[in-house]
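Residue numbers (my numbering): 23 to 152.
Working notes, beginning with the structure itself.
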Amino acid sequence: MQVRAMTEEDFIQVSNWLSIRKWPMPPTEASLPDSAFVCYDDNGLLAAAWAYNTNADIIMLSWMCTPPDSDKDGMAGLVEIAKYVRDIDRTDSAIMFMTTSERLAKYLSKEFRGTKPRSCYNTFWTKGDK
């Protein structure tokens, strides 16, 4: 699995995933950060997420999504994106995952030994949690 910045073609494919799942569409491109990433392998895209930097030493990963027919590969792809964002971050920021999926929140909590999911299913992971 590899991670790279999202291209316009990727954005179209990711938007289709959201449409098929009947999830809300991301805000207009003007409100999306340039820091959108996809994880892929030889068979295509596995996952996508947008990273939002804050002035509070927190990076929020949001609009996390996977193909509708995805299984653990999609969730593993989201983990790879989080690791990639952690590695390119030059500070010691915590990474906050923002999701409404209890299944994904539990997976990320287990994968990163983060806090237990809260009602809004935010999971925190710091650079010290490896």
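All C-beta atoms, glycine included, are put in the ideal place defined by N, C-alpha and C.
I need the DSSP call for residue i, collapsed to helix, strand or coil.
i	result
TRP45	coil
ASP95	helix
ASP63	strand
ASN75	strand
SER131	helix
ASP109	helix
For residue i, verify whether its CB is less than 7 Å away from any heavy atom of the ligand SAH.
i	result
LYS105	Looking for the ligand SAH in the displayed structure turns up nothing, as the structure carries no ligands at all.
Taking 8 Å as the cut-off, decide whether the C-beta atoms of residue i and residue j are in contact.
i	j	result
VAL36	GLU102	no
ILE117	ARG125	no
ALA98	MET23	yes
ASP32	LEU67	yes
For the putative contact between residue i and residue j, defined by C-beta atoms under 8 Å, what is the C-beta separation to the nearest angstrom?
i	j	result
ALA104	LEU83	6 Å
ALA71	MET86	4 Å
Per DSSP, residue i is paired with what?
i	result
GLN24	TYR62
SER84	TRP72
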